[in-house]
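Asker: In my numbering, the protein residues as written are 17 to 225.
All C-beta atoms in this analysis are idealised placements derived from N, C-alpha and C, irrespective of residue type, glycine included.
Sharing a structure, written as C-alpha coordinates. Questions coming.
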Amino acid sequence: MIKVCIVDDRPEIRNSFETKINQEPDMECVCVYSNSEDALAGIPVRKPDVALMDIGLPGMSGIECLVRIKEKCPETKFMMFTIFENDDNVFEALKAGADGYVLKRESSNKVISCLREIHDGGAPMSRSIARKVLMSFQTKDRKPKQVLIENLTPRQMDILRLVARGLPNKLIGDQLNIVEGTVKIHIHNIYKKLQVNNRAEATKKYLGH
(Lines of atoms letter the chains of each structure in order from A and count residues from 1; the text may use other names and numbers.)
(Lines give C-alpha, C1' and ligand atoms only; values in the text may rest on other atoms or scores of the structure.)
Protein backbone atom coordinates (compact mmCIF):
# COMPACT_ATOMS: atom_id res chain seq x y z
CA MET A 1 0.00 0.00 0.00
CA ILE A 2 1.42 3.39 -1.04
CA LYS A 3 1.05 5.88 1.79
CA VAL A 4 0.40 9.38 0.42
CA CYS A 5 0.39 12.82 2.04
CA ILE A 6 -1.28 15.90 0.52
CA VAL A 7 -0.01 19.40 1.27
CA ASP A 8 -2.14 22.11 -0.37
CA ASP A 9 -3.81 25.26 0.92
CA ARG A 10 -6.94 24.83 -1.22
CA PRO A 11 -9.53 22.61 0.53
CA GLU A 12 -11.21 21.55 -2.71
CA ILE A 13 -7.92 20.14 -4.00
CA ARG A 14 -7.12 18.42 -0.71
CA ASN A 15 -10.57 16.88 -0.45
CA SER A 16 -10.72 15.83 -4.09
CA PHE A 17 -7.37 14.06 -4.07
CA GLU A 18 -7.85 12.54 -0.65
CA THR A 19 -11.03 10.91 -1.95
CA LYS A 20 -9.40 9.91 -5.23
CA ILE A 21 -6.35 8.38 -3.56
CA ASN A 22 -8.41 6.41 -1.05
CA GLN A 23 -10.42 4.93 -3.91
CA GLU A 24 -7.27 3.42 -5.41
CA PRO A 25 -6.72 -0.20 -4.36
CA ASP A 26 -2.99 0.28 -3.79
CA MET A 27 -3.02 3.72 -2.13
CA GLU A 28 -3.98 5.32 1.15
CA CYS A 29 -3.98 9.01 2.06
CA VAL A 30 -2.46 8.99 5.54
CA CYS A 31 -2.25 12.74 6.20
CA VAL A 32 -3.44 16.06 4.77
CA TYR A 33 -2.06 19.52 5.54
CA SER A 34 -2.99 23.03 4.45
CA ASN A 35 0.38 24.67 5.16
CA SER A 36 4.09 23.93 5.40
CA GLU A 37 4.34 24.41 9.13
CA ASP A 38 1.84 21.63 9.88
CA ALA A 39 3.42 19.40 7.22
CA LEU A 40 6.87 19.96 8.72
CA ALA A 41 5.59 18.76 12.08
CA GLY A 42 3.41 15.91 10.80
CA ILE A 43 5.21 14.23 7.92
CA PRO A 44 8.22 12.97 9.93
CA VAL A 45 5.72 11.34 12.32
CA ARG A 46 3.38 9.82 9.72
CA LYS A 47 6.23 8.93 7.32
CA PRO A 48 4.28 8.79 4.03
CA ASP A 49 5.91 7.16 1.03
CA VAL A 50 5.04 10.07 -1.25
CA ALA A 51 4.01 13.66 -0.54
CA LEU A 52 1.95 15.63 -3.06
CA MET A 53 3.33 19.10 -2.30
CA ASP A 54 2.08 22.48 -3.48
CA ILE A 55 4.74 25.18 -3.94
CA GLY A 56 2.66 28.32 -3.39
CA LEU A 57 1.68 27.72 0.22
CA PRO A 58 0.95 30.49 2.72
CA GLY A 59 3.93 31.24 4.95
CA MET A 60 6.78 28.86 4.26
CA SER A 61 6.93 27.81 0.61
CA GLY A 62 6.54 24.20 -0.44
CA ILE A 63 10.15 24.15 -1.65
CA GLU A 64 11.56 25.31 1.69
CA CYS A 65 9.29 22.82 3.45
CA LEU A 66 10.59 20.05 1.21
CA VAL A 67 14.20 20.87 2.08
CA ARG A 68 13.51 20.84 5.81
CA ILE A 69 11.45 17.65 5.74
CA LYS A 70 14.09 15.84 3.68
CA GLU A 71 16.53 16.41 6.53
CA LYS A 72 14.18 14.67 8.98
CA CYS A 73 12.50 12.19 6.68
CA PRO A 74 14.80 11.41 3.71
CA GLU A 75 12.86 8.31 2.70
CA THR A 76 9.72 10.30 1.79
CA LYS A 77 9.54 11.20 -1.90
CA PHE A 78 8.07 14.48 -3.06
CA MET A 79 6.02 15.34 -6.10
CA MET A 80 5.60 19.06 -6.55
CA PHE A 81 2.02 19.77 -7.58
CA THR A 82 1.66 23.36 -8.66
CA ILE A 83 0.48 25.95 -11.16
CA PHE A 84 4.02 27.30 -11.45
CA GLU A 85 5.95 26.28 -14.55
CA ASN A 86 8.52 29.07 -14.80
CA ASP A 87 12.14 27.97 -14.94
CA ASP A 88 13.12 29.37 -11.53
CA ASN A 89 10.49 27.39 -9.65
CA VAL A 90 11.13 24.22 -11.63
CA PHE A 91 14.87 24.14 -11.10
CA GLU A 92 14.72 25.40 -7.52
CA ALA A 93 12.36 22.53 -6.68
CA LEU A 94 14.47 19.93 -8.48
CA LYS A 95 17.65 21.17 -6.82
CA ALA A 96 15.89 21.03 -3.46
CA GLY A 97 15.28 17.32 -3.96
CA ALA A 98 11.86 17.04 -5.59
CA ASP A 99 11.32 13.64 -7.18
CA GLY A 100 8.72 14.83 -9.68
CA TYR A 101 7.02 18.00 -10.87
CA VAL A 102 3.43 17.92 -12.07
CA LEU A 103 1.20 20.83 -13.02
CA LYS A 104 -2.25 21.22 -11.53
CA ARG A 105 -3.83 21.33 -14.96
CA GLU A 106 -3.05 17.63 -15.36
CA SER A 107 -5.93 15.18 -14.95
CA SER A 108 -6.40 13.46 -11.60
CA ASN A 109 -5.67 10.12 -13.27
CA LYS A 110 -2.35 11.49 -14.50
CA VAL A 111 -1.46 12.69 -11.01
CA ILE A 112 -2.30 9.28 -9.51
CA SER A 113 -0.18 7.61 -12.16
CA CYS A 114 2.72 9.94 -11.32
CA LEU A 115 2.44 9.11 -7.63
CA ARG A 116 2.82 5.43 -8.47
CA GLU A 117 5.74 6.19 -10.74
CA ILE A 118 7.56 8.14 -8.02
CA HIS A 119 6.96 5.34 -5.54
CA ASP A 120 8.46 2.90 -8.03
CA GLY A 121 11.60 5.03 -8.38
CA GLY A 122 10.65 7.16 -11.36
CA ALA A 123 10.82 10.93 -11.77
CA PRO A 124 7.61 11.97 -13.53
CA MET A 125 7.10 15.45 -14.90
CA SER A 126 4.41 17.20 -16.86
CA ARG A 127 5.34 17.29 -20.53
CA SER A 128 5.97 21.04 -20.58
CA ILE A 129 8.22 20.77 -17.51
CA ALA A 130 10.20 17.90 -19.00
CA ARG A 131 10.65 19.99 -22.13
CA LYS A 132 12.06 22.89 -20.07
CA VAL A 133 14.51 20.59 -18.32
CA LEU A 134 15.59 19.02 -21.60
CA MET A 135 16.00 22.41 -23.28
CA SER A 136 18.12 23.59 -20.36
CA PHE A 137 20.54 20.71 -20.81
CA GLN A 138 20.54 21.12 -24.58
CA THR A 139 21.33 24.81 -24.23
CA LYS A 140 24.28 23.99 -21.99
CA ASP A 141 25.46 21.32 -24.43
CA ARG A 142 25.11 23.75 -27.31
CA LYS A 143 27.30 26.38 -25.66
CA PRO A 144 29.65 27.04 -28.57
CA LYS A 145 33.29 26.20 -28.14
CA GLN A 146 33.89 29.40 -30.10
CA VAL A 147 32.95 31.39 -26.99
CA LEU A 148 35.72 29.72 -24.99
CA ILE A 149 38.23 30.19 -27.79
CA GLU A 150 37.33 33.87 -28.08
CA ASN A 151 38.38 34.35 -24.46
CA LEU A 152 41.98 33.82 -25.50
CA THR A 153 44.34 36.72 -26.18
CA PRO A 154 46.04 36.98 -29.59
CA ARG A 155 49.28 35.68 -28.04
CA GLN A 156 47.45 32.73 -26.45
CA MET A 157 45.85 31.96 -29.82
CA ASP A 158 49.29 31.91 -31.43
CA ILE A 159 50.53 29.48 -28.78
CA LEU A 160 47.44 27.29 -29.00
CA ARG A 161 47.85 27.11 -32.77
CA LEU A 162 51.40 25.82 -32.32
CA VAL A 163 50.33 23.44 -29.53
CA ALA A 164 47.76 22.00 -31.95
CA ARG A 165 50.58 21.42 -34.46
CA GLY A 166 52.36 19.32 -31.84
CA LEU A 167 55.27 21.65 -31.14
CA PRO A 168 57.01 21.36 -27.73
CA ASN A 169 57.27 24.41 -25.48
CA LYS A 170 60.86 25.22 -26.47
CA LEU A 171 60.08 25.30 -30.19
CA ILE A 172 56.95 27.36 -29.53
CA GLY A 173 59.14 29.85 -27.66
CA ASP A 174 61.64 29.93 -30.52
CA GLN A 175 58.88 30.57 -33.04
CA LEU A 176 57.41 33.43 -31.01
CA ASN A 177 60.68 34.81 -29.63
CA ILE A 178 59.73 34.23 -26.00
CA VAL A 179 61.37 32.08 -23.32
CA GLU A 180 60.12 28.59 -22.54
CA GLY A 181 58.96 29.61 -19.05
CA THR A 182 56.67 32.24 -20.55
CA VAL A 183 55.23 29.63 -22.90
CA LYS A 184 54.41 27.40 -19.92
CA ILE A 185 52.60 30.26 -18.18
CA HIS A 186 50.58 31.01 -21.29
CA ILE A 187 49.66 27.34 -21.72
CA HIS A 188 48.52 27.14 -18.09
CA ASN A 189 46.24 30.14 -18.65
CA ILE A 190 44.97 28.66 -21.91
CA TYR A 191 43.98 25.47 -20.07
CA LYS A 192 42.05 27.50 -17.50
CA LYS A 193 40.19 29.53 -20.12
CA LEU A 194 39.34 26.50 -22.23
CA GLN A 195 38.44 24.41 -19.18
CA VAL A 196 40.81 21.61 -20.19
CA ASN A 197 43.60 19.70 -18.45
CA ASN A 198 46.12 18.82 -21.14
CA ARG A 199 47.40 19.47 -24.67
CA ALA A 200 45.18 16.84 -26.24
CA GLU A 201 42.03 18.43 -24.84
CA ALA A 202 43.23 21.93 -25.77
CA THR A 203 43.94 20.76 -29.32
CA LYS A 204 40.49 19.19 -29.56
CA LYS A 205 38.91 22.47 -28.50
CA TYR A 206 40.99 24.38 -31.00
CA LEU A 207 40.22 22.04 -33.90
CA GLY A 208 36.52 21.98 -33.05
CA HIS A 209 36.02 25.73 -32.64
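Using 7 Å as the cut-off, classify the Cβ of Ala180 as near or not near the heavy atoms of the ligand ATP, replying yes or no.
Answerer: Among the components modelled here there is no ligand, and therefore nothing to report on the ligand ATP.
Asker: Thinking C-beta only, is Val66 closer than 8 Å to Gly113?
Answerer: No. Outside cutoff.
Asker: Quick check on DSSP: helix, strand or coil for Cys89?
Answerer: Coil.
Asker: Which residues in the same chain as Ser50 place their Cβ atom closer than 6 Å to its Cβ, once the five residues preceding and following it in sequence are excluded?
Answerer: Cβ within range, chain order: Asp25.
Asker: What residue ranges within the stretch 42 to 99 form continuous alpha helix (DSSP H) runs of no fewer than 4 residues, ordered along the chain?
Answerer: Those alpha helix (DSSP H) runs which fall completely within the stretch 42 to 99 and span 4+ residues are 52 to 62, 78 to 88.
Asker: Using DSSP with H/G/I as helix, E/B as strand and the rest coil, what is Lys120?
Answerer: Residue state, collapsed to three classes: coil.
Asker: Check Met151 in the structure and name its three-state DSSP category.
Answerer: Note: Met151 maps to helix in three-state DSSP.
Asker: Near Val176, which residues of its chain fall below 6 Å by C-beta distance, leaving aside the five closest residues on each side in sequence?
Answerer: Checking the displayed sequence, the identity of residue 176 turns out to be Leu instead of Val. Result list for Leu176: Ile206, Tyr222, in chain order.
Asker: Can you grab the Cα-Cα spacing for the pair Asn21 / Cys130, in whole Å?
Answerer: Checking the displayed sequence, the identity of residue 21 turns out to be Cys instead of Asn. Looking at the two C-alpha atoms, the distance is approximately 14 Å.
Asker: How close, in whole Å, do the beta carbons of Thr98 and Gly72 come, if the pair is a contact with beta carbons under 8 Å?
Answerer: Correct: roughly 6 Å between the Cβ atoms.
Asker: Quick one: what's Met141 bridged to in DSSP?
Answerer: DSSP output for Met141 lists Tyr117 as bridge partner(s).
Asker: Can you give me the C-alpha to C-alpha distance between Lys209 and Ile165, rounded to a whole angstrom?
Answerer: Each residue's alpha carbon lies about 8 Å from the other.
Asker: Three-state secondary structure (DSSP) at Ile37?
Answerer: Reduced to three states, the DSSP call for Ile37 is helix.
Asker: What are the residues that DSSP puts in a beta bridge with Cys21?
Answerer: According to DSSP, Cys21 bridges with Cys47, Ala67.
Asker: DSSP three-state label for Asp190, please.
Answerer: Three-state result, Asp190: helix.
Asker: Less than 7 Å between C-beta atoms, sequence neighbours within five positions excluded: which residues of the same chain meet that for Ile134?
Answerer: Cβ neighbours of Ile134 beyond the five flanking positions: Val66, Lys93, Met95, Asp115, Gly116, Pro140.
Asker: Nearest-angstrom Cα distance between Arg62 and Phe100?
Answerer: About 27 Å.
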